[in-house]
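The sequence shown begins at 2 in the working numbering and counts up by one. Backbone N, C-alpha and C fix where the C-beta goes; we use that ideal spot for every residue, glycine too.
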Amino acid sequence: MHKTFNVQTQDKFNVIDITSQIEQAIEELGAQEGIAIVTTPHTTCSIILNESDSDLIEDLQNYAKKIADSGEFAHRHGPDPKHAASHILSSIFSQSQTIPLSAGQLLLGTWQRVSLFEFEGPREREVQLTIIATDANN
């Protein structure tokens with residue numbers, strides 16, 4: 002089972018909670034048991050699992066800015082000499098997350114949320130959800 006949706010980011014470094022969109026997609030697919038794989042096909046953003054606390058989001062964004070401002074990079078694309086930092090951050094934070102699914106619900110920890118972490122915004126980003134079902138009712 003597979004579903005995609007788009008997310009519009011607002012800033013160069015942006016953390017957007019996408020948990021509700023994923024839960025809605027799971028409901029629309031009728032998935033009950035299995036593994037949810039959340040990924041993005043872009044090389045300058047990531048999918049992360051973390052708290053959705055505003056101070057933590059600020060810390061994550063400040064960390065990304067610190068990496069981007071850390072020096073010269075060999076990879077250049079367009080006018081931005083720091084473009085490589087977006088690719089490096091995407092590699093560090095990962096472009097996908099795998100989450101167990103039971104009774105139609107993501108098995109997240111108490112404070113865990115699924116977020117898209119933008120490193121090259123503002124942009125429209127695609128998020129892909131793939132469910133690998135583990136029972137015959139899916």
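**OP:** Could you check the C-alpha separation between residue 129 and residue 70 for me, to the nearest Å?
**Re:** In the sequence shown, the residue the question calls residue 129 occupies position 128. In the sequence shown, the residue the question calls residue 70 occupies position 69. Distance between the alpha carbons of residue 129 and residue 70 is about 30 Å.
Original post:
If residue 85 and residue 68 are in contact, beta carbons under 8 Å, what's the gap, nearest whole angstrom?
Top reply: The residue labelled residue 85 in the question sits at position 84 within the sequence shown. The residue labelled residue 68 in the question sits at position 67 within the sequence shown. With a Cβ gap of about 10 Å, residue 85 and residue 68 do not count as contacting.
Subject >> Cβ-based burial, residue 73 [other Cβ within 10 Å; buried from 16] >> reply: Here the question's residue 73 lines up with position 72 in the sequence shown. Classification of residue 73: exposed, given that the 10 Å Cβ count is below 16.
Original post:
Is it true that the CB of residue 119 sits closer than 8 Å to the CB of residue 46?
Top reply: Here the question's residue 46 lines up with position 45 in the sequence shown. Here the question's residue 119 lines up with position 118 in the sequence shown. Yes, the pair counts as a contact, with Cβ atoms nearer than the cut-off.
Original post:
The beta strand (DSSP E) spanning residue 65 covers which residue range?
Top reply: To locate residue 65, count along the sequence shown from 1; it is residue 64. Taken as a continuous stretch (DSSP letters only), residue 65 belongs to no beta strand (DSSP E), being part of the alpha helix (DSSP H) at 55-69.
**OP:** Note down the Cα distance separating residue 42 from residue 96, rounded to an integer number of angstroms.
**Re:** In the sequence shown, residue 42 corresponds to position 41, counting from 1. In the sequence shown, residue 96 corresponds to position 95, counting from 1. Their backbone Cα atoms lie some 8 Å apart in a straight line.
**OP:** Check the DSSP bridge columns for residue 6 and list the partner residues they point to.
**Re:** Mapped onto the sequence shown, residue 6 falls at position 5. The partner list for residue 6 (beta bridge, DSSP) reads 128.
**OP:** Give the straight-line distance between the Cα atoms of residue 101 and residue 117, rounded to the nearest whole angstrom.
**Re:** Numbered from its first residue, the sequence shown carries residue 101 at position 100. Numbered from its first residue, the sequence shown carries residue 117 at position 116. Cα to Cα, the separation comes out at about 18 Å.
Original post:
In chain order, what residues of the same chain lie with their CB nearer than 6 Å to the CB of residue 58, ignoring the 5 residues before and after it?
Top reply: Position 57 of the sequence shown, counted from the start, is the residue given in the question as residue 58. If we look at residue 58 and ignore the five residues flanking it on each side, its Cβ neighbours are 16.
Original post:
Apart from the five residues just before and just after residue 139, which ones in its own chain have a Cβ nearer than 8 Å to its Cβ?
Top reply: By 1-based counting over the sequence shown, the position of residue 139 is 138. Caution is warranted here: a pLDDT of 49 is assigned to residue 139, below 50, making its placement in the model unreliable, and no coordinate value can be reported.
**OP:** On a CA-only basis, which of 5, 62, 134 and 52 is nearest residue 110? Give me that one, please.
**Re:** The count along the sequence shown starts at 1 and reaches residue 110 at position 109. It is 52 whose Cα lies nearest to the Cα of residue 110.
**OP:** For residue 134, collect the residues of the same chain with a Cβ closer than 6 Å to its Cβ; drop the 5 residues on either side in sequence, then sort them by chain order.
**Re:** Along the sequence shown, one-based indexing puts residue 134 at 133. Excluding sequence neighbours, residue 134 sits near 35.
Original post:
Which residues in the same chain have their Cβ closer than 6 Å to the Cβ of residue 136, if we skip the five residues on either side of it in sequence?
Top reply: Stepping through the sequence shown from its first residue, residue 136 is reached at position 135. Same-chain partners within the cutoff: 34.
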